[in-house]
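Quick notes on the structure that follows.
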Amino acid sequence: MPAIQLLLLACLVWGLGARTAQLRKANDRSGRCQYTFSVASPNESSCPEQGQAMSAIQDLQRDSSAQRADLESTKARLSSLEGLVHQLTLDEAAGPSATQEGLQRELGALRREREQLESQNRELEASYSNLLRDKSALEEEKRRLREENEDLARRLDSSSQEVARLRRGQCPQARGTPQDVPSGSREVSKWNVETVNFQELKSELTEVPASRILKESPSGHPRSEEGDPGCGELVWVGEPLTLRRAETITGKYGVWMRDPKPAYPYTQETTWRIDTVGTDIRQVFEYDLSSQFLQGYPSKVHVLPRPLESTGAVVYRGSLYFQEAESRTVIRYELNTETVKAEKEIPGAGYHGQFPYSWGGYTDIDLAVDETGLWVIYSTQEAKGAIVLSKLNPESLELEQTWETNIRKQSVANAFIICGRLYTVSSYSSPDATINFAYDTGTGRSRALTIPFKNRYKYSSMVDYNPLEKKLFAWDNFNMVTYDLRLSEM
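Taken in order, the sequence shown gives residues -15 to 474; the numbers are from our numbering.
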């Protein structure tokens, strides 16, 4: 049956292409019947030789290898695409909200960074504008000072020429001599008192003893002859005069000073200021001129080698005297050389809040200056909180003499010394306070007073006496003020 099927297939093929297909039937060598089916090549006219056949086979193998490599590459790319599809599927499963939140966070960070940069840019522009304004103010001040210097030079030159002319006896003679001129100043009447030059040189030509021309000063105390410091008892304190205000919170309380006995290169106009809010107070602002102090332009800033404490510092004879922080040590710092010249522990003195004034501020040790020299105001355990006064040697800081009062230090707001007398202030915050006690070191006695004292800004953290200007210097709630005084005649 299979043979019949094969024969039919061969006939079918032969019928379709009788020209190119042949079917043969023959016995093989073993006698078995074999059917052979032959098909003519559509392209080759003759069969290739064996070498050419092998070459064709090798080409087919190479083509097969190349196709296999392409297939493997395609499989690898397909695997990569499947991985990407899988990752995208996971991201979609996680939801688009997480991705959006991440982008929003990055966008917010970028916006904040841009705002910070814009803020810094605005600050820089404001600082630059302030610097330009300060520069303009300094240039204007420089111009004004130059003009004042030139004017003073002209006046000095004119005065020098006039003095030389007067000494040569070339002065114009007055037409007459007043009859009421005192004999002690008879020669003054020879000059024409209406001329400006005479008015400028009057002090050089008039040789009258100071005791004969004793006058009342603007602050109420007498100007006495040389050697008498013009001392007296305090009888009146004027209204506070505000000079300037501190710029920052560190100036809530502080101390400002002028030297009553200035040493070169400083003058009685040189001013020093210390803001005492903080834990490491070392900066001392120095102003050569009063105008610089009023405008807030320091000419120099000292950095102390040790921090100070409280508002009790003073300047005297070219040195800054202050209490070292958290100690009972008083230090003398020479301002011109910027060196510590002396230091001394005040025996038994309370410090760092043991015996402060009523307002606090670690004001346990308060230095003061009057017509007689340098003082320190403090208290001890032995004095049971009462005020103790000691006179200090300004060079070595040795204690020269000590007095113990019956005035409790923590019951008063501040204290100062005038002509060897201690005066205390009743309150640091009441607008209508008083100078309520006085202690005389000459007699060793104290007495109650009721001299009005105004706390205009209701937080006076420093009150000191300047014996050269005969004024009280005070620091009242950011404000630096002065008070005129009146002393009784001795």
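Note that beta-carbon positions come from the ideal geometry of N, C-alpha and C, so glycine has one too. Note that the structure is predicted; figures quoted are calculated from it, not measured.
Have a look at residue i and residue j and give me their C-alpha separation to the nearest angstrom.
i: R16; j: R46; result: 40 Å
i: A432; j: W220; result: 14 Å
i: F457; j: L101; result: 45 Å
i: S39; j: L55; result: 24 Å
i: G67; j: E109; result: 55 Å
i: G86; j: S111; result: 37 Å
i: G222; j: S144; result: 41 Å
i: E217; j: T232; result: 38 Å
i: G280; j: S444; result: 21 Å
i: Q307; j: R266; result: 12 Å
i: S311; j: P289; result: 15 Å
i: S22; j: Q42; result: 25 Å
i: T260; j: F269; result: 12 Å
i: H286; j: A148; result: 44 Å
i: I401; j: V465; result: 18 Å
i: R61; j: L74; result: 20 Å
i: G337; j: T313; result: 15 Å
i: M446; j: L91; result: 54 Å
i: T425; j: E384; result: 13 Å
Tell me, please, which residues DSSP counts as bridged to residue i.
i: V396; result: Beta-bridge pairing links V396 to no other residue.
i: H286; result: V268
i: D141; result: Partner(s): none; D141 has no beta bridge.
i: R257; result: W240, F269
i: L292; result: I265, E308
i: G316; result: Note on residue identity: the sequence assigns Arg, not Gly, to residue 316. Its beta-bridge partners are Y305, A326.
i: R431; result: A422
i: K375; result: W359, Q385
i: A297; result: Answer is none; A297 lacks a bridge partner.
i: C17; result: N11
i: A352; result: W359
Grouping DSSP H, G and I as helix and E and B as strand, with all else coil, what is residue i?
i: N105; result: helix
i: T386; result: strand
i: Y441; result: coil
i: K59; result: helix
i: V177; result: Only weak support is given to the placement of V177: the predicted model assigns it a pLDDT of 35, under 50, and the value that follows is read from those uncertain coordinates. Coil.
i: Q252; result: coil
i: S49; result: helix
i: D12; result: coil
i: K126; result: helix
i: I402; result: strand
i: T347; result: coil
i: K454; result: coil
i: I197; result: Low confidence applies to I197: its pLDDT is 31, below 50, so where it sits in the model is not reliable enough to give any reading.
i: Y362; result: strand
i: Y370; result: First, the residue type needs correcting, since residue 370 is Ala and not Tyr in the sequence shown. Three-state result, A370: strand.
i: Y112; result: helix
i: A417; result: strand
i: S120; result: helix
i: N461; result: coil
Out of the options, state which residue places its alpha-carbon closest to the alpha-carbon of residue i.
i: P331; options: S283, I349, R95, S444; result: I349
i: G345; options: A397, A367, T364, E388; result: A397
i: G369; options: K393, Q51, V299; result: K393
i: T386; options: S363, C403, Q279; result: S363
i: S395; options: L383, T408, I401; result: T408
i: P291; options: Y423, L94, L278, T263; result: T263
i: A422; options: S411, D448, V447, I391; result: I391
i: N439; options: P224, E382, V353, P451; result: P224
i: Y250; options: W240, D272, T234, G238; result: D272
i: E453; options: R429, A309, L469; result: L469
i: A333; options: T58, T418, S275, E388; result: E388
i: E355; options: E90, K126, D135, G214; result: G214
i: N450; options: S410, Q71, C403; result: C403
i: D118; options: K325, S103, Q276, T427; result: Q276
i: I435; options: T425, G426, N420, R429; result: N420
Can we say the segment 458 to 465 touches the segment 355 to 374, given the rule of at least three CB pairs closer than 8 Å?
Fewer than three pairs of CB atoms, one per stretch, sit closer than 8 Å, so the segment 458 to 465 makes no contact with the segment 355 to 374.
Three-pair Cβ contact test at 8 Å for the segment 298 to 305 versus the segment 242 to 251:
Cβ pair count under 8 Å is three or more, so yes.
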